[in-house]
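J.: Residue numbers (numbering that gives the first Met the number 0), protein chains in the order written: chain A, 0 to 216; chain E, 0 to 262. Before I ask anything, let me first share the structure, which is written out below as structure tokens.
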Amino acid sequence: MSFTLIVIFSFSILLAGIIGLIRFSKIRDIYYPFIYLVWIAGINEVLSYLLVTNGKQNIINSNLYGLAEACLLMWFFYNLNILKKNKTSYFALLAVFFVAWIVENFFVNSFGSSFSSFFIVLYSFPCVLFSISAINHIIITERDVVRHPAFLICIAIVIFFTYRILVEVFWFYGLDASKDFRMNVYDILIWINFLCNLIYALAILWMRKRQEFTLRF
Amino acid sequence: MDAQETRIYTAILITSVVLGTIITYFFISIIRQQRRNIQLYKQSLLTEITTLEKERTRMAADLHDEVGPVLSAVKLRLSSLDIQNEADELELSKTNEQIDKLLKRMREITFDLMPNSLVRKGLPAALTEFIEYCGKSSTLSIRFQHEDLPLTQQQSINLYRIVQEIIHNTIKHAGASELLIELRREKSMIVLATRDNGIGFSYEARTKEASGLGLGNLASRTEIMGGKMFFESEKGKGTTYIFEIPTANNENSAYQNHLSRRS
Numbered sequence: 000m001s002f003t004l005i006v007i008f009s010f011s012i013l014l015a016g017i018i019g020l021i022r023f024s025k026i027r028d029i030y031y032p033f034i035y036l037v038w039i040a041g042i043n044e045v046l047s048y049l050l051v052t053n054g055k056q057n058i059i060n061s062n063l064y065g066l067a068e069a070c071l072l073m074w075f076f077y078n079l080n081i082l083k084k085n086k087t088s089y090f091a092l093l094a095v096f097f098v099a100w101i102v103e104n105f106f107v108n109s110f111g112s113s114f115s116s117f118f119i120v121l122y123s124f125p126c127v128l129f130s131i132s133a134i135n136h137i138i139i140t141e142r143d144v145v146r147h148p149a150f151l152i153c154i155a156i157v158i159f160f161t162y163r164i165l166v167e168v169f170w171f172y173g174l175d176a177s178k179d180f181r182m183n184v185y186d187i188l189i190w191i192n193f194l195c196n197l198i199y200a201l202a203i204l205w206m207r208k209r210q211e212f213t214l215r216f
Numbered sequence: 000m001d002a003q004e005t006r007i008y009t010a011i012l013i014t015s016v017v018l019g020t021i022i023t024y025f026f027i028s029i030i031r032q033q034r035r036n037i038q039l040y041k042q043s044l045l046t047e048i049t050t051l052e053k054e055r056t057r058m059a060a061d062l063h064d065e066v067g068p069v070l071s072a073v074k075l076r077l078s079s080l081d082i083q084n085e086a087d088e089l090e091l092s093k094t095n096e097q098i099d100k101l102l103k104r105m106r107e108i109t110f111d112l113m114p115n116s117l118v119r120k121g122l123p124a125a126l127t128e129f130i131e132y133c134g135k136s137s138t139l140s141i142r143f144q145h146e147d148l149p150l151t152q153q154q155s156i157n158l159y160r161i162v163q164e165i166i167h168n169t170i171k172h173a174g175a176s177e178l179l180i181e182l183r184r185e186k187s188m189i190v191l192a193t194r195d196n197g198i199g200f201s202y203e204a205r206t207k208e209a210s211g212l213g214l215g216n217l218a219s220r221t222e223i224m225g226g227k228m229f230f231e232s233e234k235g236k237g238t239t240y241i242f243e244i245p246t247a248n249n250e251n252s253a254y255q256n257h258l259s260r261r262s
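Right, dumping it as structure tokens:
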């Protein structure tokens, strides 16, 4: 895949970010962590582009973004009531992520020397599992699920993080394969990421301020 | 990539496509199943509410047409008695008073069950009458603004019940001094909006106990009209309810068909 195409696909998150910026005052506060995440993702993509085009590596900002993404997604799931508003579980999860990130970035590897694949796989699992729980919850409490922002976001999270685990495993073990091979595997994630960014944009477009009340089946 | 890597890469691509297809199928099946469940759920709600309304109408008619005239006749016959004894006359006067109270209470119950004005004059007239009645027995000041709307009888009944429930809730729980009720048309939607200046409530707390309070009732009636119910409430900042109901020729055609099959 050409570098230009990779950049265009990566920058597609800016579309969701701009929609979020325009509609921020019309969005319910439970979605704010997700909007912050989209903005941080947009900043990270721009920063990565600037670093790479200037011949530098984007490892540090990507690893920091990974930590921010894990924390913001947990906050988002907490708001969706997946953790049953249990603050102890929520902070325990954040603590586990933080410790794992520190260990991988400062003890296993030296800081800024490699991408934190282990940490990505670690937080991708709860993200996928929590999304499935959220989807199960939404289908019994909501009516128009196709236009439900949390439903769309959770679908995108399941798709993206499932593939991400798959792809990161290749980076993690390397399989003694060539760089070309690993880059080709990574290209799959770039396509998936593009699809998910479009779903995020659509979800943000359908976020509403008002609380809809529906009965459970 | 060498030949071995190309083969592995092809295998990964195929795995990815298969995984993608499975995930997509999984989500599509969830959505389809959820739609089927909604249909069944709506059908059951519709049957329940239609039965309830028919029973209310029957009871209101029985009270109005059978019990009411009998009571009036009893009162008339008692009035025609020629009583000489002072003690008996006092007793008769008390009995007449009790019959008057009974007749008044019966009219209230009949009105509550199914107001005549709702069937004869439509929703705005019935609501105005109900608001006047509530004004006599509570300190809540209610303002009602409305446009002329093309409502079916079933929509009128359901919207009337919704407003009735909101007014009762506001008097009982909200501690409000003012309530604004608006009924208007927005594009292909009929919008019923109410706003009070009461104590408000927490969404989380209220949804947990929704079945015990009127919210479940409001949601059921909105659901069978194919509409959506929203509310905004914060402690100390009052409560706003908004109901968006599709006009009769949209969502309600199924509801009308169902009613015509039942009657």
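Just so it is clear, CB atoms sit at the ideal spot from N, CA and C, and this is done for glycine as well.
By Cβ distance below 8 Å, which residues in the same chain neighbour E146/E in space, the five residues on each side in sequence not counted?
T.: Around E146/E: L182, R183 and R184.
J.: Using three-state DSSP, classify M228/E as helix, strand or coil.
T.: In the structure shown, M228/E sits in a strand (DSSP, three-state: E or B).
J.: Less than 9 Å between CB atoms is the rule here; does K208/A satisfy it with respect to chain E?
T.: Cβ-Cβ to chain E under 9 Å: yes for K208/A.
J.: For the alpha helix (DSSP H) that contains A91/A, what are its first and last residues?
T.: Here the alpha helix (DSSP H) through A91/A covers K86 to I101.
J.: Is any beta-carbon of chain E found at less than 9 Å from that of S177/A?
T.: S177/A counts as touching chain E.
J.: So what does DSSP say about L79/A, is it helix, strand or coil?
T.: Looking at L79/A - three-state DSSP - the assignment turns out to be coil, as it is neither helix nor strand.
J.: From what residue to what residue does the beta strand (DSSP E) around D195/E run?
T.: M188 to D195 is the span of the beta strand (DSSP E), which, as asked, contains D195/E.
J.: Return the chain-ordered ranges of every alpha helix (DSSP H) run that is complete within the segment 11-40 of chain E and spans a minimum of 4 residues.
T.: None, since the segment 11-40 of chain E contains no complete alpha helix (DSSP H) of that length.
J.: Which residues in the same chain have their Cβ closer than 7 Å to the Cβ of P32/A, if we skip the five residues on either side of it in sequence?
T.: Only L71, W74, F75 and N78 meet the Cβ criterion.
J.: Is there at least one Cβ from chain A nearer than 9 Å to Q32/E's Cβ?
T.: By this cut-off, Q32/E is an interface position.
J.: Just checking, does the segment 127-141 of chain A make contact with the segment 80-93 of chain A on the three C-beta pairs under 8 Å criterion?
T.: Yes, the segment 127-141 of chain A is in contact with the segment 80-93 of chain A.
J.: Can you list, in chain order, the residues of its chain whose CB lies under 6 Å from that of I34/A, leaving out five sequence neighbours each side?
T.: Within the same chain, I34/A has close Cβ partners G19.
J.: Could you please give me the residues that DSSP links to A245/E through a beta bridge?
T.: The residue asked about is misnamed: residue 245/E is Pro in this sequence, not Ala. For P245/E, which the question treats as bridged, DSSP gives the partners M188/E.
J.: Using a Cβ cut-off of 8 Å, pull out every chain E residue sitting near A162/A, in sequence order please.
T.: According to the sequence displayed, residue 162/A carries Tyr and not Ala. Within chain E, the residues near Y162/A are S15 and L18.
J.: Based on Cα-Cα distance, which residue from D87/E, L101/E, E231/E and Y132/E lies nearest to V69/E?
T.: Cα-wise, what sits closest to V69/E is L101/E.
J.: Kindly provide the ranges of any alpha helix (DSSP H) runs that are 4 or more residues long and lie completely inside the segment 123-158 of chain E, ordered along the chain.
T.: Segments of the alpha helix (DSSP H) lying fully in the segment 123-158 of chain E: there are none.
J.: Please confirm whether G65/A and S115/A have their CB atoms less than 9 Å apart.
T.: Result yes, Cβ atoms of G65/A and S115/A sit closer than 9 Å.
J.: Is any beta-carbon of chain A found at less than 9 Å from that of I48/E?
T.: Not one chain A Cβ lies under 9 Å of I48/E.
J.: With DSSP as the reference, label L89/E as helix, strand or coil.
T.: L89/E falls in the helix class under three-state DSSP.
J.: Within the 9 Å Cβ cut-off, does A209/E reach chain A?
T.: Note that A209/E has pLDDT 49, beneath the 50 cutoff, so the model's placement of it is unreliable and the number below is only indicative. Yes, because at least one Cβ of chain A sits closer than 9 Å to the Cβ of A209/E.
J.: Starting from Y30/A, trace the alpha helix (DSSP H) both ways and give me its first and last residue.
T.: Careful: Y30/A lies outside any alpha helix (DSSP H) and carries neither H nor E.
J.: Report buried or exposed for H147/A, applying the criterion of at least 16 other Cβ atoms within 10 angstroms of its Cβ.
T.: Under this definition H147/A is a buried residue.
J.: Under 9 Å between C-beta atoms, does E164/E make it to chain A?
T.: Output row for E164/E: interface = no.
J.: What are the partner residues of E177/E, as DSSP defines its beta bridges?
T.: Paired residues: S140/E.
J.: Pull up the CB-CB distance for F171/A and V120/A, whole angstroms please, since I reckon it's below 8 Å.
T.: Going by Cβ atoms, the distance from F171/A to V120/A rounds to 7 Å, so yes, they are a contact pair.
J.: Quick one: give me the first and last residue of the alpha helix (DSSP H) that P125/A is part of.
T.: Per DSSP, P125/A belongs to the alpha helix (DSSP H) from S116 to T140.
J.: Output, in chain order, the set of chain E residues within a Cβ distance shorter than 9 Å of I26/A.
T.: Going along chain E, no residue has its Cβ under 9 Å from I26/A, so there is no contact; the nearest lies around 14 Å.
J.: Name the chain E residues whose beta carbon is nearer than 7 Å to that of R142/A?
T.: Under the 7 Å cutoff, chain E gives I37.
J.: Three Cβ pairs or more, each shorter than 8 Å: is that satisfied between the segment 4-21 of chain A and the segment 184-194 of chain A?
T.: Output reads yes: the segment 184-194 of chain A touches the segment 4-21 of chain A.
J.: Please report how far the alpha carbon of S136/E lies from the alpha carbon of R104/E, in whole angstroms.
T.: Answer to the nearest angstrom: the Cα atoms are 14 Å apart.
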